[in-house]
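Here the structure is laid out as structure tokens; the discussion comes afterwards.
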Amino acid sequence: MPKIVRAALAAALVASAGPALAADHTNLEEGLPITVEDAYPIKENGLEVQSYFQYNRTRNDPRGLSSLMAVPRVEWGAFKNFQLSVEAPYRVGTASDTDQGAFRAQGFYNFNQEDLVLPALAVALGVNTPYGRMAGGTETELKFLATKSIGTPDPEGLSPYSYVPRRIHFNASWFHNYDPTTGREAERRDRYRVGVGYSQLVSNNVVLVADIFRETDRERGRAVNLAEIGARYIVTPQTVLTGGVGVGFGGDRRQDFRVTAGLQHSLSFPYSFDPPR
Amino acid sequence: MAGMSRRALLTGAAGVFGAAASLPRGVGRALALEQRNGVSFLKGPYNLAFFYRHNRAYRIGAGMHFFHSKQHDLLQLTRFEDHAAVDARFDKEAQEWLRDPPATEPEMPYYSSYVDRAMHTLFRTIDWTHMHHEQTYDVMSFREIPWAEKKVWTDRTVRYYLEMQTPGVPRSVAPLELTMRRAGIMMKPYLNHFRNFYPLDQSLFYVAHWWHPAVYEAQMISGNHDQEVAIKAVEETMYREILNDRPQRMVLSREIMPRYSRMSPESANIFDNLHMLHGIAYSILAYKGWSVEEKRAEMYRVIEAMGYQPGDEVYARKFREPHPGYDPRTYPAWVRSPQGAMGMIMMDMLMEMLPMMYPGGLSKDRKAAVMRQMMMNGRLGIEPGEVPGSLHDALMQVAPGMRMMPGSTEPGETPAMMVEHMVSAWKAKAARIPDVAPIDMGVEPSFGPARVAVR
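Below is the structure:
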């Protein structure tokens, strides 16, 4: 079956799985600015444009060491507790994975609001079809997400004045490549990403975020091992700016460091200009 | 090295998350198990008009929502014995936020994560109604919506508000006279706890209850063109007079925004029903006699009872306006007074209940004592001669022998017989109340010469 047909089928599967007030700085999004996200989708009927630029300094790459990725994304709260997103990242630079991009579609469903015991739990299913120079095979991603508040520094509530909402997030993804490339730069058929994130308000308008994760690379023998830290700043009720940095760790790491800057904006349209009758 | 880092990361991730997900210390709690069910705002050309055009007023509202949010966890997590200190300390902090308000509005979970996790539907209800507040402010602030079309755009936001969330979450479009009777809280042990034991914080919310309708009314008297002047005057009145000498009761939309209430009685009633829910929620949280599960059961019962029910529209205009010409830039004595429309509603309800609670009747002295306790219980703080606690406690003391209705004091239970009696009594009265008259939006108000509003 041609790759494009498989990708379309996978996307249709995601879409058939079913359908956030304004842009919300506490509702984490992948890449804005860290990789680990929370277990909550945007709100029903919400429509957001998101975009980020990510510079990666790679290592042990014979072709080159730098890569700049631009990611445009549209996210839609298709129905309660479910969002659909599409994005089309593209990388330029000197590293070996540049001059290529991907089309990615994802459905994300949240099962429950976190309560006093149970974390918020969600799953996401996505399809990722690369294109461009030396593009690899189409992958699907099955992702499990959880978010748990860790409450105040004083859980008995004796000092709730110093109350700071803090949450941790857990993400685990399984990627399956339906058509891995072979040869000198052979791709993995299956790989994973697992990570833990942390977020807390530092002021009314700023959320501090941090994560640590490991993602095995498409290319065999390499991985992305990163610790990231950043902030999400709500500028207007519908706009969030994000920025973060990450450093690589581990002997098989692909990156030495990463810098990410992005924007998230809730759209006020489409709407009717005519007065309602 | 690579293998070691991989193992360490996987083990660390599982360990950190597992530890945090374990049961909180010393607390045995049932699972709430509900979905988040968030719904976004209604899209329109007017979105953010209030934020951009009246940013100072927007920020003042955001500051109010800070202390509105944080009050929930404070009441739930602090010891009742410390109520006076908590009241004083938080009043100080809240005033600081009001004088230097934040740039954007926090949603309720921002500063009350515990209550959000314990009873999320409460915050969903509040934030959903705040979304409606924002929409209606935006419609009024957006110059490109002609004055004559403000109502149809407002009605569009009301429809969205009522239809998009799950049933029970939108507040009713019927006046408090009906929804308070449906709630049946008069004999609940938490009644007016917040008002009685946290009078400073409560009075700050009375300021907020004045502020929100005062801003609408400022827009109603200034039209599309002169809002800046009118809203600035409201801001000055708030800082100069109202914050320092606060209203002594929850003022209602019909009192502070009589013109807006005539334009959109549905929206006005939604706001009153939300403001009343705030007070009830705080009293439930402040009450220490129930577990968090019992509080959730009672909270959800009240939310449901005061929520929109099909047919509520029929009663949307069934209220009287005691001060139809109120200028929101002023602070007359009647606004500050502890006596007002809300007190009348409570008194009417008690009068309907008394014959059922005392089938044998009450002596003149005992009835007078009951009324005195009712008045004192409804005012801020604890007064000399007032029986501290709920109205139920007070009545048991000054007029023993009360016949208790099933469900009248238990968490999550409705005193069905009493509610049915009061609702049917009010509906009979409502049939005799003329609808409050619609307002003519054909003439646009302004501080200059009057204009004919054109479409």
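Those protein sequence lines, which keep their order, are chains A and B.
Residue 277, in full-length UniProt numbering, is where the first sequence stops; the numbers in between run on with no holes.
Residue 455, in full-length UniProt numbering, is where the second sequence stops; the numbers in between run on with no holes.
For glycine and all other residues, C-beta sits at the position ideal for the given N, C-alpha and C.
Nearest neighbour of residue i, chosen from the options [CA to CA]
| i | options | result |
| --- | --- | --- |
| B:W211 | B:H225, B:K70, B:M257, B:A88 | B:M257 |
| A:L226 | A:G195, A:V240, A:S203, A:L241 | A:G195 |
| A:P72 | A:D99, A:I42, A:F82, A:F103 | A:F103 |
| B:I231 | B:R240, B:R246, B:A214, B:E241 | B:A214 |
| A:Q264 | A:G248, A:T242, A:R258, A:R254 | A:T242 |
| A:R253 | A:T181, A:L84, A:N60, A:D24 | A:N60 |
| B:Y110 | B:G378, B:I126, B:L204 | B:I126 |
| B:A103 | B:Y137, B:D87, B:V86, B:F66 | B:F66 |
| A:R46 | A:K80, A:D38, A:H25, A:Q54 | According to the sequence as given, residue 46 of chain A is Gly; it is not Arg. Comparing Cα positions, the closest option is A:K80. |
| A:E187 | A:Q200, A:G126, A:G136 | A:G136 |
| B:L380 | B:H68, B:D393, B:I145, B:F205 | B:F205 |
| B:E177 | B:V423, B:D440, B:E444, B:P445 | B:V423 |
| A:L68 | A:R258, A:S266, A:S268 | A:R258 |
| B:M186 | B:G407, B:S446, B:A430, B:P445 | B:G407 |
| A:K143 | A:T94, A:I168, A:R214, A:W174 | A:W174 |
| A:G126 | A:G107, A:P89, A:F170 | A:G107 |
| A:Q255 | A:D211, A:H176, A:A223 | A:A223 |
| B:E105 | B:S283, B:W290, B:S253, B:M64 | B:M64 |
| B:P247 | B:F51, B:P445, B:D272, B:Q339 | B:Q339 |
| B:T157 | B:M342, B:A233, B:H130 | B:H130 |
| B:V419 | B:T179, B:A268, B:F271 | B:T179 |
Distance, residue j Cα to residue i Cα
| i | j | result |
| --- | --- | --- |
| B:E410 | B:T237 | 43 angstroms |
| B:M374 | B:V169 | 30 angstroms |
| B:G311 | B:T330 | 37 angstroms |
| B:G442 | B:A148 | 5 angstroms |
| A:V240 | A:Y233 | 5 angstroms |
| B:M404 | B:A305 | 21 angstroms |
| A:Y271 | A:L32 | 27 angstroms |
| B:G38 | A:G64 | 45 angstroms |
| B:D82 | B:D91 | 14 angstroms |
| B:D435 | A:P165 | 47 angstroms |
| B:G448 | B:K318 | 33 angstroms |
| B:E34 | A:R184 | 51 angstroms |
| A:P155 | B:R366 | Any answer about A:P155 is weak, because its pLDDT of 47 lies below 50 and its placement is not dependable; what the coordinates show is given next. Their backbone Cα atoms lie some 46 angstroms apart in a straight line. |
| B:E241 | B:Y326 | 16 angstroms |
| B:E255 | B:E321 | 6 angstroms |
| B:L23 | A:E114 | Any answer about B:L23 is weak, because its pLDDT of 41 lies below 50 and its placement is not dependable; what the coordinates show is given next. Answer to the nearest angstrom: the Cα atoms are 13 angstroms apart. |
| B:R432 | B:A425 | 12 angstroms |
| B:V314 | B:T78 | 43 angstroms |
| B:V292 | B:A118 | 7 angstroms |
| B:P438 | B:R372 | 38 angstroms |
| B:R25 | A:V206 | In this predicted model, B:R25 has a pLDDT of only 38, less than 50, meaning its place in the structure is not dependable; the value taken from the coordinates is given anyway. Taking the straight line from one Cα to the other gives about 29 angstroms. |
| B:A21 | A:S199 | Note that B:A21 scores a pLDDT of 42, beneath 50, so its modelled location is shaky; the value from the coordinates is reported in the next line. In a straight line, the C-alpha of B:A21 is about 16 angstroms away from that of A:S199. |
| A:G157 | A:E29 | Because A:G157 sits at a pLDDT of 49, beneath the cut-off of 50, its placement in the model cannot be relied upon, and the following sentence gives the value as read from the coordinates. Each residue's alpha carbon lies about 30 angstroms from the other. |
| B:M346 | B:A183 | 12 angstroms |
| A:T26 | B:F123 | 16 angstroms |
| B:G385 | B:G401 | 20 angstroms |
| A:L21 | B:S113 | For A:L21, the pLDDT reaches just 41, beneath the cut-off of 50, and the residue's location in the model is therefore unreliable, although a value from the coordinates is still provided. Going from the Cα of A:L21 to the Cα of B:S113 covers about 18 angstroms. |
| B:L48 | B:L42 | 11 angstroms |
| B:K151 | B:T136 | 10 angstroms |
| B:F51 | B:E144 | 15 angstroms |
Within chain B, the residues that residue i reaches when beta carbons sit closer than 7 angstroms
| i | result |
| --- | --- |
| A:E114 | R117 |
| A:Y178 | What A:Y178 touches in chain B: nothing, since even the nearest Cβ is about 25 angstroms away. |
Within chain A, partners of residue i - CB distance below 8 angstroms
| i | result |
| --- | --- |
| B:M164 | E44, N45 |
| B:N47 | Q238, S268 |
| B:S141 | The contacting residues do not exist; B:S141 stays about 14 angstroms from chain A at best. |
| B:G44 | S268, Y271 |
Proximal residues of chain B, C-beta to C-beta of residue i below 8 angstroms
| i | result |
| --- | --- |
| A:L201 | Y110 |
| A:P165 | P109, Y110, Y111, S113 |
Residue i: contacting residues in chain A (beta-carbon distance under 7 angstroms)
| i | result |
| --- | --- |
| B:E105 | P237 |
| B:P102 | N204, N205 |
Interface residues of chain A facing residue i [CB-CB closer than 9 angstroms]
| i | result |
| --- | --- |
| B:H120 | Q113, E114, D115 |
Per-residue contacts from residue i into chain B (C-beta, under 9 angstroms)
| i | result |
| --- | --- |
| A:S149 | A20, S113, Y114, D116, R117 |
Beta-carbon neighbours of residue i, restricted to chain E and to distances below 7 angstroms
| i | result |
| --- | --- |
| A:Y40 | Absent from the structure is chain E; the protein chains it does hold are A and B. |
### Message
So within the region 157 to 210 of chain A, which uninterrupted beta strand (DSSP E) runs reach at least 3 residues, ignoring any that extend past its ends?
### Response
166 to 177, 190 to 201
### Query
Quick one, which residues of the region 178 to 201 of chain B are near chain A if we go by CB-CB under 9 angstroms, in chain order?
none
### Query
Using a beta-carbon distance cut-off of less than 8 angstroms, what residues from the region 67 to 82 of chain A approach chain B?
G77, K80, N81
### Short-range partners of chain B found in the region 216 to 234 of chain A, where Cβ spacing is below 8 angstroms
A223, N225, I234
### Query
In chain order, what residues of the region 305 to 336 of chain B put their CB closer than 8 angstroms to some CB of chain A?
none
### Query
Between the region 79 to 110 of chain A and chain B, which residues of the former have CB atoms less than 9 angstroms from a CB of the latter, in chain order?
K80, N81, N110
### Query
Between the region 253 to 283 of chain B and chain A, which residues of the former have a C-beta closer than 8 angstroms to a C-beta of the latter?
none
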